[in-house]
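Peer 1:
There are 2 protein chains.
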Amino acid sequence: MSVTAPTGFSAAGIACGIKDGDRPDLALVATHDHRPVAAAGVFTSNKMTAAPVVVSRRHLAATGGRAAAVVLNSGNANAATGEQGLADADEMCALTADALGVHPTEVLVCSTGLIGFALPMDALRAGIPRVADALAPDGGLDAATAIMTTDTVEKVATAVRKLPDGSVFTVGGIAKGAAMLEPDMATMLAVCTTDAAVEPAELHAALERAVSGTFNTLTVDGAQSTNDTVLVLAGGAAGPVPGELFVDALTEVCRSLAVQMADDAEGSTKTVFLRVRGAATDAEAARAARDTANCQLVKCSWYGEDPYWGRIASEMGAAGVTFDPATLTIAYGDHVVYRHGEPVPVGSGPGLLDAGALADYMTRRHLHLTVDLGQGEGEALIITTDLTHAYIDENMRTS
Amino acid sequence: MSVTAPTGFSAAGIACGIKDGDRPDLALVATHDHRPVAAAGVFTSNKMTAAPVVVSRRHLAATGGRAAAVVLNSGNANAATGEQGLADADEMCALTADALGVHPTEVLVCSTGLIGFALPMDALRAGIPRVADALAPDGGLDAATAIMTTDTVEKVATAVRKLPDGSVFTVGGIAKGAAMLEPDMATMLAVCTTDAAVEPAELHAALERAVSGTFNTLTVDGAQSTNDTVLVLAGGAAGPVPGELFVDALTEVCRSLAVQMADDAEGSTKTVFLRVRGAATDAEAARAARDTANCQLVKCSWYGEDPYWGRIASEMGAAGVTFDPATLTIAYGDHVVYRHGEPVPVGSGPGLLDAGALADYMTRRHLHLTVDLGQGEGEALIITTDLTHAYIDENMRTS
């Protein structure tokens, strides 16, 4: 399953001592024969770029989009670590390359955890040869476990597609991400693999399309990470496949991983699918949806299961998009609370708001909200979460 | 004191039944002789504009900047209330005008409280004549109390300036604002009065200058209100005054009210003065400061008294401003934690970080953070707060 579902890949996850208490913190995903294959990456646009992001970008540029392995650690982000951080990320790749017998530029590297602390390189020098030894064709779940930070469950996904000749190809993925989930991208790492044969340029274009409709629709707290990375390796054992079919399978894996992240976001009790339609443009719909999804007051009301639509209306008005209160309509599930600029009266019967049914709806784990701005054809979906006491507990102290 | 400190103004605050339990919820500020005087207002830029904002803007336009009174209610924002809301705001002005013997357009109106509910007009029809009867030259504090929502203390300020001839003039103010404090402006209402003689156009310009350096530097949760209003009435009893001296006094009153709001923000345990310097421009400094001030992760770390500067560095990198990690410096008070792109080593002595002293510093109620981007001369100050369990308690349910 996951990154080891496609033919040609091995993975492993071990505890090497970055985290306390023997918790898994080092993962490796590699081609089975350690041969470099087509690879592509999409990275955070945060300018406070973490060292592993800098190094992985360099390596993809140096190889023209080829890689044999991805080494990942949790428990330390290797971000805001200055020159030492870059040297450490380089050394992680060199250690992995030595263990696998490949060139260091054929190794990509990801780190996740606290910002601002030097990596414990002794632990990694001992750990990387061990994780390489542990590589196994069924090691995907171990790798998924070893990249968890405040995640409570590992995140894995697999998509299989049949080709006209009856053969199949597979896309698999692992991911982590619990807080700081904000479009482009989220504090998240994801590694996908496929046995489809896809050239590097095509692979990169497919990854960008898959990410834009999935990970980039996700926001938890509006914070944009220093380390966001999504990588994909295409081994080719299944041969060439139609481009659109590949994008479709890769998107399915990314979407599944994105929803798993929202469901497991730090302290969250609700996953909210907020759809804005009727905007002047798609971009305005996305902006209004994202602003509202990141509003603390709105997030608190979801946690309280309170259908306080007034705050949503207020955020829509403050989002800087084409807006007229008189054309605004808001619904929680099928319950329309505000229609064309007027609150819907509470009562039972057509055109009235059934307050009891709405209260029941608010208790669900997944909420679907729809806001129609009544201004045009623009539409966007944002996946987000509530803001809870547990989120604060998780984030008020680093130790 | 407050709005009744300047010669020529009366005020009152009563309970009229909008809130439960006989809590004050209706305020009136008026010229002592009910004569219209110069008036100016600055309002929210939220397009989901509340009815009282629409009506007050109309009245100032109709009179060319003159008003005899301001009527204010708490407990209901009269926002997202459609046509009925506009009719109700108009009626509040008409009732006040009747009670004082002035024209309805000479009355300004403010509401604050929950969004999306029709005003209880019966309570206001009975209450407005009563609050007019209660007008008193020492009623400023009563008025300040009657506009509180989740505020825990009333907010009042007074500034007195001496003129070259030995005479004085006074500016007074009252305000409310506990959550949704976000630049331009904050969910806040403020009414200022002065006995200086200032013409409407000059008064408006002075108010805009005073607000930009005070209320507009304040952000609590990034939410922009439907009802934000700052009004000023200039009675003229103290005669003409130098323009700069008037701006100075008005700014002092606005700054005092703004800091009182931050100190009393919903659930906050810290007021944080975040100064960004060394930005390419002042606008970039303000943007980086505001983004960081509104980051939930950063706010949680202040609540936890955790000097986790890594998140601040991450936000600066994500703010979309001119940025280079290598020139970044971050300090909590006098404690430099990150200098020119490298973490400052912990230890005692010059150039090292005294972790114990920093931990002591973090326990203070007011924190002063400085971020130097090292890119230019741009500078900005943002006043903000932490994110706490109590904030969530306050905002998870409307009732």
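Just so you know, the protein sequences line up as chains A and B, in that order. For the first sequence, the working numbering gives the first residue as 5, with consecutive numbering after it. For the second sequence, the working numbering gives the first residue as 5, with consecutive numbering after it. C-beta: ideal position from N, C-alpha, C; glycine also.
Can a CB atom of chain B be found closer than 8 Å to the CB of C304 of chain A?
Peer 2: Translated into the one-based positions of the first sequence, residue 304 of chain A becomes position 300. Closer than 8 Å to some Cβ of chain B, the Cβ of C304 of chain A qualifies, so yes.
Peer 1: To which residues of the same chain is R290 of chain A closer than 6 Å at the C-beta, ignoring the five residues directly before and after it?
Peer 2: Translated into positions along the first sequence, residue 290 of chain A becomes position 286. The sequence as given places Ala at residue 290 of chain A; Arg does not occur at that position. Closer than 6 Å at Cβ, skipping near neighbours: A384.
Peer 1: Look up G17 of chain A in the DSSP assignment and say whether it is helix, strand or coil.
Peer 2: Looking up residue 17 of chain A in the first sequence gives position 13. DSSP places G17 of chain A in strand when its eight states are reduced to three.
Peer 1: Against D346 of chain B, what residues of chain A qualify as contacts under a CB-to-CB distance less than 7 Å, listed in chain order?
Peer 2: In the second sequence, residue 346 of chain B corresponds to position 342, counting from 1. The amino acid at residue 346 of chain B is misidentified as Asp; the sequence shows Glu. What E346 of chain B touches in chain A: G86.
Peer 1: L371 of chain B and K274 of chain B - do their beta-carbons sit closer together than 8 Å?
Peer 2: Taking the second sequence and counting its residues from 1, one reaches residue 274 of chain B at position 270. Taking the second sequence and counting its residues from 1, one reaches residue 371 of chain B at position 367. Contact flag set, yes.
Peer 1: Under the three-state reduction of DSSP, which class applies to E346 of chain B: helix, strand or coil?
Peer 2: As a first step, residue 346 of chain B must be located in the second sequence, where it is residue number 342. In the structure shown, E346 of chain B sits in a strand (DSSP, three-state: E or B).
Peer 1: Check for me: the alpha helix (DSSP H) holding T67 of chain A runs from which residue to which?
Peer 2: By one-based count along the first sequence, residue 67 of chain A stands at place 63. Its alpha helix (DSSP H) spans residues A55 to T67.
Peer 1: Consult DSSP for L104 of chain A and reduce its assignment to one of helix, strand or coil.
Peer 2: Start at 1 with the first residue of the first sequence, and residue 104 of chain A comes out as number 100. Three-state DSSP puts L104 of chain A in a helix.
Peer 1: Can you list, in chain order, the residues of its chain whose CB lies under 7 Å from that of M125 of chain A, leaving out five sequence neighbours each side?
Peer 2: Against the first sequence, residue 125 of chain A aligns to sequence position 121. Hits under 7 Å: D92 and E95.
Peer 1: Scan the region 234 to 299 of chain B and note each continuous beta strand (DSSP E) run of 3 residues or more that stays entirely inside, going in chain order.
Peer 2: Runs of the beta strand (DSSP E) inside the region 234 to 299 of chain B: 275 to 283.
Peer 1: Please classify M400 of chain A: is it buried, with 16 or more other beta-carbons within 10 angstroms of its beta-carbon, or exposed?
Peer 2: Your numbering for residue 400 of chain A matches position 396 in the first sequence. With 16 or more other Cβ atoms within 10 Å, it is buried.
Peer 1: To the nearest angstrom, report how far apart M192 of chain B and D232 of chain B are at their CA atoms.
Peer 2: Position 188 of the second sequence, counting from 1, holds the residue named residue 192 of chain B. Position 228 of the second sequence, counting from 1, holds the residue named residue 232 of chain B. Going from the Cα of M192 of chain B to the Cα of D232 of chain B covers about 5 Å.
Peer 1: Grouping DSSP H, G and I as helix and E and B as strand, with all else coil, what is H208 of chain A?
Peer 2: Walking along the first sequence from the start, residue 208 of chain A turns up at place 204. Three-state DSSP puts H208 of chain A in a helix.
Peer 1: Please list, in chain order, the chain B residues whose beta carbon lies closer than 8 Å to that of A359 of chain A.
Peer 2: Indexing the first sequence from 1 puts residue 359 of chain A at position 355. Correct list: empty, because the minimum Cβ distance to chain B is about 12 Å.
Peer 1: Is A140 of chain B near the ligand ADP, judged by its Cβ being under 7 Å from some heavy atom?
Peer 2: Among the components of this structure there are no ligands whatsoever, and the ligand ADP is therefore not found.
Peer 1: Do the CB positions of C304 of chain A and L391 of chain A come within less than 8 Å of each other?
Peer 2: Taking the first residue of the first sequence as position 1, residue 304 of chain A is located at position 300. Taking the first residue of the first sequence as position 1, residue 391 of chain A is located at position 387. Yes.
Peer 1: Taking only beta-carbon positions, decide if M189 of chain B is within less than 8 Å of chain A.
Peer 2: The residue labelled residue 189 of chain B in the question sits at position 185 within the second sequence. Annotation note: pLDDT 38 at M189 of chain B (below 50); position unreliable, coordinate value reported separately. Not an interface residue.
Peer 1: Just list the residues that DSSP pairs T48 of chain B with in beta bridges.
Peer 2: Residue numbering aside, residue 48 of chain B sits at position 44 when the second sequence is read from its first letter. According to DSSP, which records beta bridges pairwise, T48 of chain B is partnered with nothing at all.
Peer 1: Assuming the contact rule is C-beta atoms closer than 8 Å, A284 of chain B and G380 of chain B should be a hit. Round their C-beta distance to whole Å, please.
Peer 2: Stepping through the second sequence from its first residue, residue 284 of chain B is reached at position 280. Stepping through the second sequence from its first residue, residue 380 of chain B is reached at position 376. Rounded, the Cβ-Cβ distance is 4 Å, consistent with contact.
Peer 1: Closest Cβ-Cβ distance between S318 of chain B and chain A: below 8 Å?
Peer 2: Here residue 318 of chain B corresponds to residue number 314 of the second sequence, with the count starting at 1. So, interface residue.
Peer 1: Locate the alpha helix (DSSP H) running through T149 of chain B, then write down its first and last residues.
Peer 2: Residue mapping note: residue 149 of chain B aligns to position 145 of the second sequence, counting from 1. Its alpha helix (DSSP H) spans residues G144 to A150.
Peer 1: Between the Cα of A262 of chain A and those of A:L278, A:V280, A:Q300 and A:G217, spot the shortest distance and give me the residue it belongs to.
Peer 2: Locating residue 262 of chain A in the first sequence gives position 258, counting from the first residue. Of the candidates A:L278, A:V280, A:Q300 and A:G217, the one whose C-alpha sits nearest the C-alpha of A262 of chain A is A:G217.
Peer 1: Quick one: using the 10 Å Cβ neighbour count with 16 as the cut-off for buried, is R281 of chain B buried or exposed?
Peer 2: Translated into positions along the second sequence, residue 281 of chain B becomes position 277. Buried, since its Cβ has 16 or more Cβ neighbours within 10 Å.
Peer 1: Which runs of the beta strand (DSSP E) spanning at least 3 residues fall entirely within the region 76 to 133 of chain B, listed in chain order?
Peer 2: Correct list: 111 to 116.
Peer 1: What does K51 of chain A reach in chain B if we use C-beta pairs closer than 7 Å?
Peer 2: Within the first sequence, the letter at position 47 stands for residue 51 of chain A. In chain order: G321 and F327.
Peer 1: Among the residues of its own chain, which have a CB less than 7 Å from the CB of G79 of chain B, if the five just before and after it don't count?
Peer 2: By 1-based counting over the second sequence, the position of residue 79 of chain B is 75. I22, K23, D29 and G117.
Peer 1: Any contact of the region 330 to 337 of chain A with the region 134 to 143 of chain B, i.e. 3+ C-beta pairs under 8 Å?
Peer 2: No contact exists between the region 330 to 337 of chain A and the region 134 to 143 of chain B.
Peer 1: Could you list the residues in the region 67 to 100 of chain A with a C-beta less than 9 Å from some C-beta on chain B, going in chain order?
Peer 2: So the list reads A81, A83, A84, T85, G86, E87 and Q88, given in the order they occur along the chain.
Peer 1: Report yes or no: is there a C-beta of chain B within less than 8 Å of the C-beta of L118 of chain A?
Peer 2: Numbered from 1 along the first sequence, position 114 holds the residue referred to as residue 118 of chain A. Yes, L118 of chain A counts as interfacial toward chain B.
Peer 1: Using a Cβ-Cβ cut-off of less than 7 Å, list which residues of the region 252 to 268 of chain A approach chain B; keep chain order.
Peer 2: Answer in chain order: no residues at all.
Peer 1: Might you give, ordered along the chain, the residues of its own chain that have their beta carbon closer than 6 Å to the beta carbon of A242 of chain B, omitting 5 neighbours on each side?
Peer 2: For the purposes of this step, residue 242 of chain B is taken as residue 238 along the second sequence, with counting starting at 1. These residues qualify, in order along the chain: F173, D199 and A200.
Peer 1: Let me know the secondary structure DSSP gives Y365 of chain A once reduced to three states.
Peer 2: As a working mapping, residue 365 of chain A is identified with position 361 in the first sequence. Y365 of chain A: helix per DSSP, three-state reduction.
Peer 1: Can you tell me where the beta strand (DSSP E) with A194 of chain A in it begins and where it stops?
Peer 2: By one-based count along the first sequence, residue 194 of chain A stands at place 190. Here the beta strand (DSSP E) through A194 of chain A covers L193 to A201.
Peer 1: Just the C-alpha distance for A43 of chain A and F277 of chain A, rounded to the nearest angstrom, thanks.
Peer 2: Position 39 of the first sequence, counting from 1, holds the residue named residue 43 of chain A. Position 273 of the first sequence, counting from 1, holds the residue named residue 277 of chain A. Going by the C-alpha atoms only, they are around 32 Å apart.
Peer 1: Alpha carbon to alpha carbon, how far is V348 of chain B from V340 of chain B? Give it in angstroms, no decimals.
Peer 2: To locate residue 340 of chain B, count along the second sequence from 1; it is residue 336. To locate residue 348 of chain B, count along the second sequence from 1; it is residue 344. Near 7 Å, if we compare the C-alpha coordinates of V348 of chain B and V340 of chain B.
Peer 1: Chain A partners of R315 of chain B, CB-CB under 7 Å?
Peer 2: Position 311 of the second sequence holds residue 315 of chain B. Chain A residues near R315 of chain B: I119.
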